[in-house]
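Working notes for the structure below.
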Amino acid sequence: MESPESQEREDGIRLRKKVQENQEDVESSECEDDAKTDLVKRIIESTKELTDCMPTDLPSAKRMLEDGLHAAAEFSSDMAAGAGAVAEQAGDICRKVIEASWKVCHFQALPHWLQDNDYLIWGHRPPLPSFTACFQSLFRIHTETGNIWTHLIGCVAFVSLAVYTLIWSELQSEERLVFAAFFAGAILCLGLSCTYHTVHCHSEFVGKLFSKLDYVGISFLIMGSLVPWLYYTFYCQYQPKVIYLTVATVLGFGAIITSMVDRFGEPKYRPFRAGIFIAFGLSGAIPAIHYAVMEGWVNAVSYASLGWLILMGSLYILGALLYAGRIPECYFPGKCDIWFQSHQIFHVLVIAAAFVHYQGISEMAVYRLTNNQCPASTEATLA
Ligand SMILES: [Zn+2]
Numbered sequence: 001m002e003s004p005e006s007q008e009r010e011d012g013i014r015l016r017k018k019v020q021e022n023q024e025d026v027e028s029s030e031c032e033d034d035a036k037t038d039l040v041k042r043i044i045e046s047t048k049e050l051t052d053c054m055p056t057d058l059p060s061a062k063r064m065l066e067d068g069l070h071a072a073a074e075f076s077s078d079m080a081a082g083a084g085a086v087a088e089q090a091g092d093i094c095r096k097v098i099e100a101s102w103k104v105c106h107f108q109a110l111p112h113w114l115q116d117n118d119y120l121i122w123g124h125r126p127p128l129p130s131f132t133a134c135f136q137s138l139f140r141i142h143t144e145t146g147n148i149w150t151h152l153i154g155c156v157a158f159v160s161l162a163v164y165t166l167i168w169s170e171l172q173s174e175e176r177l178v179f180a181a182f183f184a185g186a187i188l189c190l191g192l193s194c195t196y197h198t199v200h201c202h203s204e205f206v207g208k209l210f211s212k213l214d215y216v217g218i219s220f221l222i223m224g225s226l227v228p229w230l231y232y233t234f235y236c237q238y239q240p241k242v243i244y245l246t247v248a249t250v251l252g253f254g255a256i257i258t259s260m261v262d263r264f265g266e267p268k269y270r271p272f273r274a275g276i277f278i279a280f281g282l283s284g285a286i287p288a289i290h291y292a293v294m295e296g297w298v299n300a301v302s303y304a305s306l307g308w309l310i311l312m313g314s315l316y317i318l319g320a321l322l323y324a325g326r327i328p329e330c331y332f333p334g335k336c337d338i339w340f341q342s343h344q345i346f347h348v349l350v351i352a353a354a355f356v357h358y359q360g361i362s363e364m365a366v367y368r369l370t371n372n373q374c375p376a377s378t379e380a381t382l383a
């Protein structure tokens with residue numbers, strides 16, 4: 001058994017060690033202000049007093065030491081809380097400064113992940129790591145203003161048209177469904193595109209994610225466009241209707257999966273991207289030729305809206321070619337930074353093509369409203 005004196009001595013050594021450790025901690029810490037100097041002084045004083053009074057007055061030394069340690073603890077927790085609050089405030093201020101005061105910049109000033117089209121020289125948004133700032137940029141003039149607004153206006157127009165067609169028209173429930181597929185595709189495509197162009201400067205991760213969703217939207221638009229057209233074209237031919245609708249759906253989901261692959265979004269794959277969507281769009285040509293061969297070209301133009309379909313395809317292809325070739329900005333670098341760049345023209349052509357398609361399928365629907373009886377020979381194949 002240890003004597004009380006030797007126990008006290010040991011306690012004293014332990015406490016002195018603790019004070020020294022504490023002192024070393026404070027000295028190696030990164031805070032460089034008067035409070036730190038003051039704290040170090042207090043700890044040194046308490047150490048000195050402890051040394052002086054030991055071992056005869058250990059309890060009072062202990063108390064002094066505890067007071068010193070308590071003060072140190074209070075100080076460091078105040079420091080931590082203060083530092084947290086300061087960091088939060090600094091973050092807030094930083095965010096507000098970025099949101100309010102960013103300026104458009106040169107292509108070369110952009111980080112690598114925002115450099116897409118080097119023919120657009122000036123007027124780019126810098127990275128805006130805040131969704132509020134991204135959405136506020138809707139009301140500023142920069143390289144994406146035209147891209148955002150073309151598809152935002154298009155999206156609102158298609159939402160209105162969808163409400164009008166699906167609620168007030170005389171369509172039957174099955175026909176409402178095929179029209180709804182078209183509207184869902186168009187609204188998703190325009191909405192996702194508009195969101196992508198708004199937020200793609202947020203960060204590399206957000207940019208990549210929404211770029212993929214932009215392509216997913218295009219796939220939905222093509223799929224949604226094929227559904228009503230195939231439905232009305234093969235209105236009385238059940239088997240080809242089901243086969244073509246299935247093929248369109250499989251190709252559509254194939255394009256969606258391809259869109260989600262990381263490499264697909266890189267600028268060097270631009271022609272490949274354009275090619276995939278042209279091929280998917282052209283897959284509508286096979287059933288069109290099938291119908292024309294089966295029913296004759298006159299019927300195809302009259303009842304399958306082939307004229308509208310060809311016009312729609314031409315608009316999409318023209319848009320995709322301009323987009324892939326970066327025409328006209330490649331001929332006028334720096335002159336199309338804000339308006340008339342290939343991407344905006346492509347957006348306008350996509351909207352025009354979607355309206356042309358709506359016109360085509362509406363004419364087919366009107367025809368079927370008055371001629372919904374299939375010939376007896378085809379009725380047999382329906383059974
Ligand atoms: Zn776009």
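Reminder that position 258 of the sequence shown reads as 258 in full-length UniProt numbering, one-by-one numbering, no gaps. Just so it is clear, CB atoms sit at the ideal spot from N, CA and C, and this is done for glycine as well.
Item: Which residues in the same chain as W113 place their Cβ atom closer than 7 Å to its Cβ, once the five residues preceding and following it in sequence are excluded?; Value: E204, G207
Item: Beta carbon of S137: closer than 6 Å to some heavy atom of ligand 1?; Value: no
Item: Leaving out the 5 sequence neighbours to the left and right, which residues in its chain are closer than 6 Å to H343 when beta-carbon positions are compared?; Value: N147
Item: Among F158, L166, M364, I218, which residue has its Cα nearest to the Cα of A274?; Value: I218
Item: Please confirm whether any heavy atom of ligand 1 lies closer than 6 Å to the CB of S193.; Value: yes
Item: Relative to the C-alpha of V159, which residue among M260, A354, A255, F131 is closest?; Value: A354
Item: Could you tell me which of V350, G296, V298 sits nearest to A320, measuring between CA atoms?; Value: V350
Item: Tell me the DSSP secondary structure of C105 in three-state form.; Value: strand
Item: According to DSSP, H124 sits in a beta bridge with which residue or residues?; Value: C105
Item: Suppose contacts are defined by Cβ-Cβ distances below 7 Å. Is L311 in contact with V356 by that definition?; Value: yes
Item: Could you spell out where the alpha helix (DSSP H) holding R270 opens and where it closes?; Value: 270-282
Item: Please classify Q108 as buried or exposed, where buried requires at least 16 other C-beta atoms within 10 Å of its C-beta.; Value: exposed
Item: Around the C-beta of Q237, are 16 or more other C-beta atoms found within 10 angstroms, so that it is buried, or is it exposed?; Value: buried
Item: What residues in its chain sit with their C-beta under 6 Å from that of A152, if we drop five residues either side in the sequence?; Value: Inspection of the sequence shows that residue 152 is occupied by Leu rather than by Ala. Result list for L152: C194, in chain order.
Item: Would you kindly check if the distance between the Cβ of S225 and the Cβ of L251 is under 7 Å?; Value: no
Item: According to DSSP, is I327 helix, strand or coil?; Value: coil
Item: Would you mind sorting Y331 into buried or exposed? The rule is 16 or more other CB atoms within 10 Å of its CB.; Value: exposed
Item: Out of curiosity, what's the CA-to-CA distance linking L213 and L188?; Value: 10 Å
Item: Tell me which residue opens and which closes the alpha helix (DSSP H) that N147 is part of.; Value: 145-163
Item: With DSSP collapsed to three states, give me the class of P375.; Value: coil
Item: By a C-beta neighbour count over all protein chains shown, 10 Å radius and 16 as the cutoff for buried, is L369 buried or exposed?; Value: exposed
Item: Let's test the definition: count the other Cβ atoms within 10 Å of the Cβ of A304 and tell me whether it reaches 16, buried, or not, exposed.; Value: buried
Item: Just to confirm, is the Cβ distance from G185 to L221 under 7 Å?; Value: yes
Item: Once the 5 residues before and after Y358 are set aside, which same chain residues still bring their CB inside 6 Å of it?; Value: none
Item: Taking only runs that begin and end inside the segment 159-194, name each unbroken alpha helix (DSSP H) of 4 or more residues, in chain order.; Value: none
Item: Whole-angstrom Cβ separation of L166 and A180, contact assumed at under 8 Å?; Value: 6 Å
Item: Please state if the CB of I121 and the CB of D337 are separated by a distance shorter than 7 Å.; Value: yes
Item: Helix, strand or coil: which one does DSSP assign to F210?; Value: helix
Item: Please list the terminal residues of the continuous alpha helix (DSSP H) segment that includes A248.; Value: 238-259
Item: Which residue wins for smallest C-alpha separation from P126, given the options F135, N117, F340, C105?; Value: C105
Item: Can you look up R140 in the DSSP assignment and give me helix, strand or coil?; Value: coil
Item: Would you identify the three-state DSSP class for S362, choosing helix, strand or coil?; Value: helix
Item: Express the C-alpha separation of E295 and P228 in angstroms, rounding to a whole number.; Value: 19 Å
Item: Specify the secondary structure class of A304 as computed by DSSP and reduced to three states.; Value: coil
Item: In terms of residues, what are the limits of the alpha helix (DSSP H) holding Y291?; Value: 285-295
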